[in-house]
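Residue numbers (numbering that gives the first Met the number 0): 0 to 237.
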Amino acid sequence: MSEFRFKRFCIDNTASALKVGTDSVLLGSLMSITGEERRLLDIGTGTGVVAIMAAQRLADAGAAYPEITAIEIDAPSAEEAERNFKGCPWSHMLSARHCALQDFRSLGEFDLIFSNPPYFDESLRNPDPRESRARHTESLSYREVLAFASEKLAPQGRVAMILPAESETAVRRCAAGFDLNTSRVVRIRTTQKKPARRIVVEFTRTRSTPELQELTIQDGTAFTEEYRRIAGAFLLYL
Numbered sequence: 000m001s002e003f004r005f006k007r008f009c010i011d012n013t014a015s016a017l018k019v020g021t022d023s024v025l026l027g028s029l030m031s032i033t034g035e036e037r038r039l040l041d042i043g044t045g046t047g048v049v050a051i052m053a054a055q056r057l058a059d060a061g062a063a064y065p066e067i068t069a070i071e072i073d074a075p076s077a078e079e080a081e082r083n084f085k086g087c088p089w090s091h092m093l094s095a096r097h098c099a100l101q102d103f104r105s106l107g108e109f110d111l112i113f114s115n116p117p118y119f120d121e122s123l124r125n126p127d128p129r130e131s132r133a134r135h136t137e138s139l140s141y142r143e144v145l146a147f148a149s150e151k152l153a154p155q156g157r158v159a160m161i162l163p164a165e166s167e168t169a170v171r172r173c174a175a176g177f178d179l180n181t182s183r184v185v186r187i188r189t190t191q192k193k194p195a196r197r198i199v200v201e202f203t204r205t206r207s208t209p210e211l212q213e214l215t216i217q218d219g220t221a222f223t224e225e226y227r228r229i230a231g232a233f234l235l236y237l
């Protein structure tokens, strides 16, 4: 069994096409959660780690009866996510469904939609078809997430994704095409001397001046205080 241990829960990685990685931890730590969210949707949940991080944050914020639905196209990953949900302290908030976003049907709207979508378009395909589908946009793209959100996002809701930094302009233009407005961008670099490699970007239906932030993960061989503050509630080594 392959496990990734967090401070308050454990993720079984054995069956999932993609394992727990830094992108998931960043999205789960950085996306805006107020405690007022009631219905949340995780698109492409994988191991379920971001959904569980959201549940921990909601519980710590004193949220009342939130429901987090996690969907996943890969059957073994969806089954593993459900097992991880049942084994965590917030299992009453969480449920996993095996389906593609294109086939997902739900009554009502969501207060928060979040996703760590695949983002490789032209890179060499992995010989493992499950991992290739999990990594490449042929199975899910930010465009599909935004299109879904344009129909199912609550009036005051938010969409949050983590993506390569170089996709910022394109994803913001795409969102505008669906009448979704950029509300927050966190540009993430490994060290101060390197350019940003990832962004956590959020969209809403309401117009506002986007909040622009930066996060540096490491200072030399040590983690920065900012990263410790953001992810310290989750990672054992922080």
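Glycine included, every Cβ here is placed at the ideal spot set by N, Cα and C.
Query                                                                                                                                         : Result
Quick one: Cα of alanine 16 to Cα of arginine 206, how far?                                                                                   : 37 Å
Quick check: the Cα distance between methionine 52 and isoleucine 67, rounded to an integer number of angstroms?                              : 11 Å
Can you give me the C-alpha to C-alpha distance between aspartate 22 and isoleucine 161, rounded to a whole angstrom?                         : 7 Å
For glycine 61, which of Pro154, Ile32 and Leu26 has the nearest alpha-carbon?                                                                : Ile32
Hey, alanine 174 and threonine 181 are a contact pair by Cβ (cut 8 Å); roughly how many whole angstroms apart?                                : 6 Å
Of the choices Leu57, Leu100, Gly176 and Ser94, whose alpha-carbon is the least far from that of phenylalanine 147?                           : Leu100
State the DSSP-derived secondary structure class of arginine 96, mapped to helix, strand or coil.                                             : strand
Between glycine 43 and proline 163, how many whole angstroms is the CB-CB distance? I'm expecting something under 8 Å.                        : Going by Cβ atoms, the distance from glycine 43 to proline 163 rounds to 16 Å, so no, they are not a contact pair.
Is DSSP giving histidine 135 helix, strand or coil here?                                                                                      : Reliability fails at histidine 135, whose pLDDT of 38 lies under 50, so the model's placement of it is uncertain and the value that follows must be treated cautiously. DSSP places histidine 135 in strand when its eight states are reduced to three.
Shortest alpha-carbon distance to valine 184 belongs to which of Thr190, Val199 and Gly176?                                                   : Val199
Taking only the alpha-carbon atoms, compute the straight-line gap between glutamate 36 and threonine 203 and give it to the nearest angstrom. : 14 Å
Do glutamate 71 and histidine 91 have their beta-carbon atoms positioned less than 9 Å apart in this structure?                               : no
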